[in-house]
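One structure below.
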Amino acid sequence: MDKSQLLTLFIDKEMEADVVDCLIQFDGVSGFTVSTCFGFSRESAHLNKAEQVAGGRHMLKLEVIHNSEYAQGMLQALKALNGRNAIRYTITPVFDEGHIVQKTL
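Residue 26 is where the sequence shown starts when you use the working numbering, and the numbers rise one by one after that.
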């Protein structure tokens, strides 16, 4: 039985093209969303001076619904990418998914 999961990634803006190219190659990924976010952390050693003053950093959040069988492959492929900071991720189960279509008259 196929199990859908949601992979959420938090990445630096400069990694966007590499991460998109990495994820789009997987057959189990039909698409994903990218949005901007501002991250806070107690681990501020990796922040540059401006980010330290602001208290956090601008990042991108990617959300990928995928079949669970692709999760480890995606994580391994992402691990091979080089970025200024580590890629933070979470994987959560998706209990239901689909499209809500408006009925036409």
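Think of the CB as a built atom: it goes at the ideal place given N, C-alpha and C, for glycine as much as any other residue.
Out of Asp-43, Cys-47, Glu-39, state which residue places its alpha-carbon closest to the alpha-carbon of Met-99.
Residue mapping note: residue 99 aligns to position 74 of the sequence shown, counting from 1. Closest by C-alpha distance to Met-99, out of Asp-43, Cys-47, Glu-39, is Cys-47.
Strand pairing of Met-84, partner residues [DSSP]
Along the sequence shown, one-based indexing puts residue 84 at 59. The partner list for Met-84 (beta bridge, DSSP) reads Cys-62.
Per DSSP, what kind of secondary structure is Ile-13 in: helix, strand or coil?
Look at the range of the chain in this structure, 26 to 130, and you will see that residue 13 is not part of it.
Using a threshold of 9 Å, state whether the C-beta atoms of His-91 and Phe-35 are closer than that.
The residue you call residue 91 lines up with position 66 of the sequence shown. The residue you call residue 35 lines up with position 10 of the sequence shown. For the pair His-91 and Phe-35, the CB atoms are not nearer than the 9 Å cut-off.
Can you tell which of Met-40, Ile-116, Phe-65 has its C-alpha closest to the C-alpha of Tyr-95?
Counting from one through the sequence shown, the residue named residue 95 turns up at place 70. Of Met-40, Ile-116, Phe-65, the smallest CA-CA separation from Tyr-95 is found for Ile-116.
Between which two residues does the beta strand (DSSP E) carrying Ile-116 extend?
In the sequence shown, counting from the first residue as 1, residue 116 sits at position 91. First-last of the beta strand (DSSP E) with Ile-116: 113 to 118.
What is the DSSP secondary structure of Ser-93, reduced to helix, strand or coil?
Translated into positions along the sequence shown, residue 93 becomes position 68. Three-state result, Ser-93: helix.
Would you check if the distance between the CB atom of Ala-109 and the CB atom of Glu-39 is smaller than 9 Å?
Here the question's residue 109 lines up with position 84 in the sequence shown. Here the question's residue 39 lines up with position 14 in the sequence shown. Position check: residue 109 holds Arg in this sequence, whereas Ala was assumed. In this structure, Arg-109 lies near Glu-39, with their beta-carbon atoms less than 9 Å apart.
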